Amino acid sequence: MASAFLITRYRLRKNKKDAALQQQFTRRLIENTEEERVRIARDLHDGVSQELLVLKNQISNNHEHTNDKIDFIINGIRMISRDLHPVMLDKIGLKSSVQHICEQMMESNLLFITAEIDYDGGLDKNGELQLFRMIQEALNNIVKYAGAEAAKVTLNHNDRCVFAEIVDNGKGFDVQAAMNSKNAFGLLSLMERSKAMNGKTEITSSPAGTIVKIEIPKSNV
Numbered sequence: 003m004a005s006a007f008l009i010t011r012y013r014l015r016k017n018k019k020d021a022a023l024q025q026q027f028t029r030r031l032i033e034n035t036e037e038e039r040v041r042i043a044r045d046l047h048d049g050v051s052q053e054l055l056v057l058k059n060q061i062s063n064n065h066e067h068t069n070d071k072i073d074f075i076i077n078g079i080r081m082i083s084r085d086l087h088p089v090m091l092d093k094i095g096l097k098s099s100v101q102h103i104c105e106q107m108m109e110s111n112l113l114f115i116t117a118e119i120d121y122d123g124g125l126d127k128n129g130e131l132q133l134f135r136m137i138q139e140a141l142n143n144i145v146k147y148a149g150a151e152a153a154k155v156t157l158n159h160n161d162r163c164v165f166a167e168i169v170d171n172g173k174g175f176d177v178q179a180a181m182n183s184k185n186a187f188g189l190l191s192l193m194e195r196s197k198a199m200n201g202k203t204e205i206t207s208s209p210a211g212t213i214v215k216i217e218i219p220k221s222n223v
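Going by this note's numbering, the sequence shown opens with residue 3, and the numbers climb by one from there.
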């Protein structure tokens, strides 16, 4: 009996240690990915985009069609750079950044988005970035797959946690089947990002729409 108890205790401790190591690995992987995103975004903005601007200025005003094409490429590069690393998050903070992305996606798609945001801090810089990424991913999934006419983003908090909820009135989907499909990357990204922050993500869906609930512990708790 004593040896069985010790073996069970050892296994429990080992499983707990393995889970902690996995969480640490996942968090570091996400941080490394974000660092690489920042580098690529900076290279696109400071390198390719600037070279195109120089080229545009060197071309005669008579080449209007060429200038239009260069403008199109520059705008495309700026959009890619912005998606790789949301510079506005550093400048205007999480609250305004979430409002901005809702407005931006509403302008670019046939989707009406409302936002109710009550956030006054509590997450560190990386926590805010990961939460922003999760909200962004949830909205992208709505645009790509839901066929929704409307969505709502809610952000609030209590003494211990920050909560985000993204709701849509789309066609819904089988969550378990989607998690096992080739298109599961976005959903898995939501789960892994929250797990790396000691938080959790819950996704429920029905023919009436989908609800994504995200919970992240505050950094100072």
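Ideal Cβ positions, reconstructed from N, Cα and C, are used throughout, including at glycine. All values reported here derive from a predicted model rather than from experimental measurement.
{"Asked": "Contact between the region 211-218 and the region 164-184 (3+ Cβ pairs under 8 Å)", "Found": "yes"}
{"Asked": "Residue burial classification, Ser110 (beta-carbon count within 10 angstroms, cutoff 16)", "Found": "exposed"}
{"Asked": "Nearest-angstrom Cα separation, counted from Asn77 out to Thr206", "Found": "36 Å"}
{"Asked": "Beta-carbon proximity check, Ala153 vs Ile115, cutoff 7 Å", "Found": "yes"}
{"Asked": "Any 3 or more C-beta pairs closer than 8 Å across the region 177-194 and the region 135-142", "Found": "yes"}
{"Asked": "Cα-Cα separation between Ala226 and Lys215, rounded to whole angstroms", "Found": "Nothing can be reported for residue 226: it is not among the residues displayed for the chain, which extend from 3 to 223."}
{"Asked": "Phe175, DSSP secondary structure in three states", "Found": "coil"}
{"Asked": "Gly211: first and last residue of the uninterrupted alpha helix (DSSP H) it sits in", "Found": "Careful: Gly211 lies outside any alpha helix (DSSP H), inside the beta strand (DSSP E) at 211-219."}
{"Asked": "Short Cβ contact (7 Å threshold) for Ala117 with Val155", "Found": "yes"}
{"Asked": "Among Tyr147, Ile119, Ala150, Gly201, the one whose alpha carbon lies nearest that of Leu96", "Found": "Ile119"}
{"Asked": "Glu151: first and last residue of the uninterrupted beta strand (DSSP E) it sits in", "Found": "Unbroken run through Glu151: none, as it is neither H nor E."}
{"Asked": "Span of the beta strand (DSSP E) around Ser208", "Found": "202-208"}
{"Asked": "Contact check, Ala150 vs Asp170, beta carbons under 7 Å", "Found": "yes"}
{"Asked": "Range of the contiguous beta strand (DSSP E) that encloses Val164", "Found": "163-170"}
{"Asked": "Alpha-carbon spacing of Lys184 relative to Asn59, whole angstroms", "Found": "45 Å"}
{"Asked": "Beta carbon of Ser99 nearer than 7 Å to that of Met90", "Found": "yes"}
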